[in-house]
Amino acid sequence: AQTVTQSQPEMSVQEAETVTLSCTYDTSESDYYLFWYKQPPSRQMILVIRQEAYKQQNATENRFSVNFQKAAKSFSLKISDSQLGDAAMYFCAYRRDEGSNYQLIWGAGTKLIIKP
Amino acid sequence: GAVVSQHPSWVICKSGTSVKIECRSLDFQATTMFWYRQFPKQSLMLMATSNEGSKATYEQGVEKDKFLINHASLTLSTLTVTSAHPEDSSFYICSARESLAGVGEQFFGPGTRLTVL
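From first to last, the protein sequence lines are chains B and D.
Residue numbers for the first sequence, in the working numbering: 288 to 403.
Residue numbers for the second sequence, in the working numbering: 100 to 216.
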C-alpha cells in the first residue's frame, strides 16, 4: 500500500526567507502524481503544485517549486520569499495514475509559521 | 477554476437528530466525489468515494448506515449523518473530480463544521 510521510510537524521561517518542506512516499507504481496542498486557517484546501512522476523536470509555480527525486521517493516543497499569507498547514499527497478511483493518499501535514 | 460548494458551512444539532450536508460542483461535472473527515490539527481522513448513479464505496471503519451518501447527479452529492452523537462532531470536507480532465484533479469544498450537542 502507498504511504506518504511528512516528518516535520511544524516549520517556521522569517518573512522573505526560503523554507523547504519535506515529503517522502512509498509506492511500487511507476506512474503517479504528487501534490502539495495548502490549508489556511479558513480550512479551504488549495492546490499549490502538482508533479507528474513521468516528468523529470521539477514543477514550479511562481514562488513555489518542488524537488522531485523519484528514485529516493522524495518530494519536497520550496517556498521562496515567504509571505505572511503563506502561513498554513501544508499537506503532501500521492495519487496513482489510474485506478483506485483517483483517491489521494495524504501525509500528516506540516504547519508553516511565518515570522514577521 | 473549478468551484465546489458545500452547504451548510456550519451546523449545530442535538444528539439523535440527522444532518444533511450538500456538496455541489458549480461549473463542472463530477463523476466522482469524495467525502473526508478532518479532526483538529490532523490530516484528511477519507470516509467514502461516491460515483454518480452508483452506491458509495466506504473506507474501512466508516459506518455506512450512519453516514449515508447519495450522488444522484453529476453536480451534487450529499452526506447525511444519521442519529448524530457528540463524537460525530468534526469538520467534513468534500471534493469533486473533474471528469473530463486527464489528470483527474480533485477540487475541494470549503468544508462543513458539525457540532453535535
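C-beta atoms are modelled at their ideal positions from N, C-alpha and C, and glycine is treated no differently.
Proximity test, Cβ basis, 8 Å: Arg383/B and chain D:
Locating residue 383/B in the first sequence gives position 96, where the first residue counts as 1. For Arg383/B, the answer is no, since every Cβ of chain D falls outside 8 Å of its Cβ.
Applying the 10 Å Cβ sphere with the 16-neighbour rule, what's the burial state of Ala183/D?
As a first step, residue 183/D must be located in the second sequence, where it is residue number 84. Ala183/D should be labelled buried.
With DSSP as the reference, label Asp313/B as helix, strand or coil.
Translated into positions along the first sequence, residue 313/B becomes position 26. Three-state result, Asp313/B: strand.
Residues of its chain near Arg123/D, where Cβ-Cβ distance is below 6 Å and the 5 sequence neighbours each way are ignored
If you number the second sequence from 1, residue 123/D lands on position 24. Within the same chain, Arg123/D has close Cβ partners Ser104, Thr174, Leu175.
Interface residues of chain D around Arg330/B at Cβ under 9 Å?
The residue labelled residue 330/B in the question sits at position 43 within the first sequence. Result: Gln137, Phe190, Ile192, Pro209, Gly210, Arg212.
Straight-line Cα distance separating Phe378/B from Ile111/D:
By one-based count along the second sequence, residue 111/D stands at place 12. By one-based count along the first sequence, residue 378/B stands at place 91. If you take the alpha carbons of Ile111/D and Phe378/B, they lie about 28 Å apart.
Is the Cβ-Cβ distance between Ala52/D and Val161/D less than 8 Å?
Absent from the model: residue 52/D. The displayed extent of chain D is 100 to 216, so no value can be given.
In chain order, what residues of the same chain lie with their CB nearer than 8 Å to the CB of Ser188/D, ignoring the 5 residues before and after it?
For the purposes of this step, residue 188/D is identified with residue 89 of the second sequence, where counting begins at 1. Excluding positions up to five away in sequence, the list reads Leu213, Thr214, Val215.
Within 10 angstroms of the Cβ of Tyr341/B, are there 16 or more other Cβ atoms? Answer buried if so, exposed if not.
The residue labelled residue 341/B in the question sits at position 54 within the first sequence. Exposed, since its Cβ has fewer than 16 Cβ neighbours within 10 Å.
Please classify Tyr341/B: does DSSP put it in a helix, a strand, or coil?
Counting from one through the first sequence, the residue named residue 341/B turns up at place 54. Here Tyr341/B sits in coil by DSSP.
Beta-carbon proximity list for Thr311/B, same chain, < 7 Å, skipping 5 on both sides:
By 1-based counting over the first sequence, the position of residue 311/B is 24. Hits under 7 Å: Thr292, Lys360, Ser361.
Burial state of Ile400/B, where buried means 16 or more other Cβ atoms lie within 10 Å
If you number the first sequence from 1, residue 400/B lands on position 113. Looking at its Cβ environment, which holds fewer than 16 other Cβ atoms inside 10 Å, Ile400/B is exposed.
Report the residues of the stretch 389–401 of chain B with a CB closer than 7 Å to any CB of chain D, ordered along the chain.
Tyr389, Gln390, Leu391, Trp393, Gly394, Ala395, Gly396
Could you tell me how far apart the beta carbons of Gly218/D and Ile192/D are, in whole angstroms, since I believe they sit closer than 8 Å?
This structure gives no information on residue 218/D, because the portion of chain D shown stretches from 100 to 216.
Go through its chain and collect everything with a Cβ distance to Ala195/D's Cβ below 6 Å, but skip five positions before and after it.
Within the second sequence, numbered from 1, the residue matching residue 195/D stands at position 96. Taken in chain order, the residues that qualify are Val103, Ser124, Ala129, Met132, Phe206.
Please confirm if Gln105/D has its CB atom under 8 Å from at least one CB of chain B.
Reading the second sequence from its first residue, position 6 is the one you call residue 105/D. For Gln105/D, the answer is no, since every Cβ of chain B falls outside 8 Å of its Cβ.
Of all Cβ atoms in chain B, is any one closer than 8 Å to the Cβ of Thr181/D?
Along the second sequence, read from residue 1 onward, the residue named residue 181/D stands at position 82. Chain B, which has no Cβ nearer than 8 Å to the Cβ of Thr181/D, makes this no.
Closer than 9 Å at the beta carbon, the chain D residues around Phe378/B
Sequence index remark: in the first sequence, residue 378/B carries index 91 (1-based). Near Phe378/B (Cβ distances below 9 Å), the residues of chain D are Ser142, Leu143.
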